[in-house]
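This report concerns only the one structure given below.
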């Protein structure tokens, strides 16, 4: 390869790596695949430069969640490095470890353990137990064991790692915090939520002391907060869950800016939390922020952009329908029953058009229609609307739910009134 060609390839590669660090994995992969094509043509399929670029592409694919492709790509990089450099070379070991991470991310923790143990054996020959490389690796190994339910083995490794880290760095170090977070997860899985939260609070406290001392420290803080949010959600503390996700968002915005994938993900996670609490306005606002990012970075035609548009549209329509229902209630209070029915019907039309007959909010609208019709003396119409509300309640909650049973009894009461009026 000529010197000018080599320089051009290096520039493309640097751009790809820059895109990777910016979180634009699609662009990163496109750049790196272009480099790989040139390198393969000029240097051959088994060149070490080809192996390095292939390794980078495998890392990108893992970040994109394309685990099968990542494994196939990294296996090729491993074959080249193993043949050219040997099993114990640092570059070969890096690919071994990355393959373990792919298995970990994809949920195959048993295979992740296998690869991590292989790397531990190799690195132990050249590094002391106190070396950062070995301590981080042992932490990953402990996590793979924890995910398999091998708690005692995981706890033993974590204690050893933590003792070594505290000896080398003291408490105020991101690697120490990572062990605290992992230990919290282990405690939680052992049904010790109070101890888990105490450990996480300790890790978050250290993170805030370290905040501003580097991007990695900030991302460790995000991991600690996200872990706590997940635990709060499982425990049913939705207020704490949403509040913690808001803290994650604030950290991401402050350090990465609005137009970063991690910030967009934080908005999307928060939107899901709001939706689960029926906070429709907040949910729509958060998803709109995510959509702004996807349109700018991925483009309007990208599948992920279109996916979000398809989610937002019915939410916005649902918001309009909810507002119409509320206006209908106001008209009922004012005594304008015809206007109330008109507004309720407009709300129902939106729900039917957008959600067919599946949206739970339709139940409340039908119940409102039923109440107004009965007040107007139109008992047949009131019963018909009550029956529609009952159908939705049975479909969404089931016959054994307390609310369903209450609706059934209310509907029977209306039917009895109808029979009495006809006798």
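Residue numbers (the UniProt record's numbering): 1 to 423. C-beta: ideal position from N, C-alpha, C; glycine also. From a predicted model like this one, the values you see are computed outputs, not experimental measurements.
Residue environment analysis places residue 216 among the exposed positions, since fewer than 16 neighbouring C-beta atoms fall within 10 angstroms of its C-beta. Between residue 277 and residue 270, the alpha-carbon positions lie close to 11 Å from each other. Residue environment: residue 402 is assigned as exposed (fewer than 16 neighbouring CB atoms within 10 Å of its CB, all protein chains considered).
Burial state of residue 320 is exposed, judged by a 10 Å Cβ sphere holding fewer than 16 other Cβ atoms.
Taking C-alpha positions only, residue 80 is separated from residue 21 by approximately 26 Å.
Per the coordinates, the alpha-carbon of residue 284 lies some 18 Å from the alpha-carbon of residue 324. Inclusion of residue 54 and residue 83 in the CB contact set at 9 Å is not warranted, their separation being larger than that value.
Assigned with DSSP and collapsed to three states, residue 272 falls in helix. The DSSP-derived three-state label of residue 192 is coil. In chain order, 70, 73, 74, 77, 98 place their CB closer than 7 Å to the CB of residue 58, counting only its own chain and leaving out the 5 sequence neighbours on each side. A residue is called buried when at least 16 other Cβ atoms come within 10 angstroms of its Cβ; residue 140 meets this threshold and is buried. With respect to the C-alpha of residue 28, the residue from 13, 39, 68 having the closest C-alpha is 13. Distances from the CA of residue 240 to each of 207, 419, 274, 255 were compared; the closest alpha carbon is that of 274. Rounded to whole angstroms, the separation of the alpha carbons of residue 162 and residue 136 is 10 Å. Around the beta carbon of residue 126, a 10 Å sphere encloses fewer than 16 other beta carbons of the protein chains shown; the residue is thus reported as exposed.
Judged by DSSP in its simplified three-state form, residue 82 adopts helix.
The three-state reading of DSSP puts residue 378 in coil, since its state is none of H, G, I, E or B. Boundaries for residue 235: no alpha helix (DSSP H) harbours it, and the DSSP string shows neither H nor E there. A straight line joining the alpha-carbon of residue 248 with that of residue 232 spans about 14 Å.
Rounded to whole angstroms, the separation of the alpha carbons of residue 350 and residue 393 is 19 Å. DSSP, read as helix, strand or coil, puts residue 253 in helix. DSSP places residue 411 in the uninterrupted alpha helix (DSSP H) bounded by 402–422. The shortest C-alpha to C-alpha distance from residue 67 to any of 49, 112, 86 is the one to 112.
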